[in-house]
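Visitor: To get my numbering, take the position in the sequence shown, counting from 1, and add 134. Glycine included, each C-beta is placed from N, C-alpha and C at the ideal position.
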Amino acid sequence: MQKDLAVQPTWVCHIVVSELSRLGRSMFECMEVLSIAMEKGISAYAIKRNWRLDDSIQSKIVAMAFSMAADIERELISQRTKEALRSRKAAGATLGSPKGPGKSNLDKFRPEIEGLLANGARQKFIAQRYDTARDKKNG
């Protein structure tokens, strides 16, 4: 929806939703959509609460409340994520991707592939032979 509002604002006059939370997956995303809509002069209507968000003072107050709620939501998500990572790390879990190249689907063909390379075969030929691509990391 954000892309639609940003790219072609001329054909949208109103946004009608059952409730404002339907504008996005998070309060922050809802606030972004409302902000873009207000900038473009697009009114938003929430049917369940009978809210109309446009350029009025009442709308700006509601938008400010949503903005604060979005900020709080973003901070809580950040805190939960950091705490979960801390507890996983304390429990001895390795965070992030494993280091090193890891296993490859081509490991079982390694001697054959090394022989082909030693005989001057091109990487493209080898990739086609084993139904893979040169730039694939795991096979």
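#1: Mind checking whether L154 and W185 have CB atoms under 8 Å apart?
#2: How would you call I149, buried or exposed, if buried means at least 16 neighbouring beta carbons within 10 angstroms?
#3: Grab the span of the alpha helix (DSSP H) containing I149 for me, first residue to last.
#4: Do you know offhand how far G175's Cα is from I206's?
#5: Once the 5 residues before and after S274 are set aside, which same chain residues still bring their CB inside 7 Å of it?
#6: With a 10 Å radius around its C-beta and 16 neighbouring C-beta atoms as the bar for buried, classify M198 as buried or exposed.
#7: Among S201, K182, I195, which one has its Cα closest to the Cα of V167?
#8: Between the C-alpha atoms of A267 and A252, what's the straight-line distance to the nearest angstrom?
#9: I need the straight-line Cα distance from E209 to F162, nearest angstrom please.
#10: In whole angstroms, give me the CA-to-CA distance for F259 and S238.
#11: Thinking C-beta only, is A180 closer than 8 Å to V151?
Guide: Answer, in terms of the structure:
#1: Yes, these two residues count as a Cβ contact at 8 Å.
#2: Answer is buried; the Cβ neighbour count reaches 16.
#3: That residue, I149, is in no alpha helix (DSSP H); its beta strand (DSSP E) goes 148 to 151.
#4: The straight-line gap from Cα to Cα measures roughly 27 Å.
#5: Missing from the structure shown is residue 274; the chain here goes from 135 to 273 and no further.
#6: Under this definition M198 is an exposed residue.
#7: In this structure, S201 is the residue among S201, K182, I195 with its C-alpha nearest to the C-alpha of V167.
#8: Computed Cα separation, rounded: 19 Å.
#9: C-alpha separation (whole angstroms): 11 Å.
#10: Cα to Cα, F259 sits roughly 18 Å from S238.
#11: Using a Cβ distance threshold of 8 Å, V151 and A180 count as a contacting pair.
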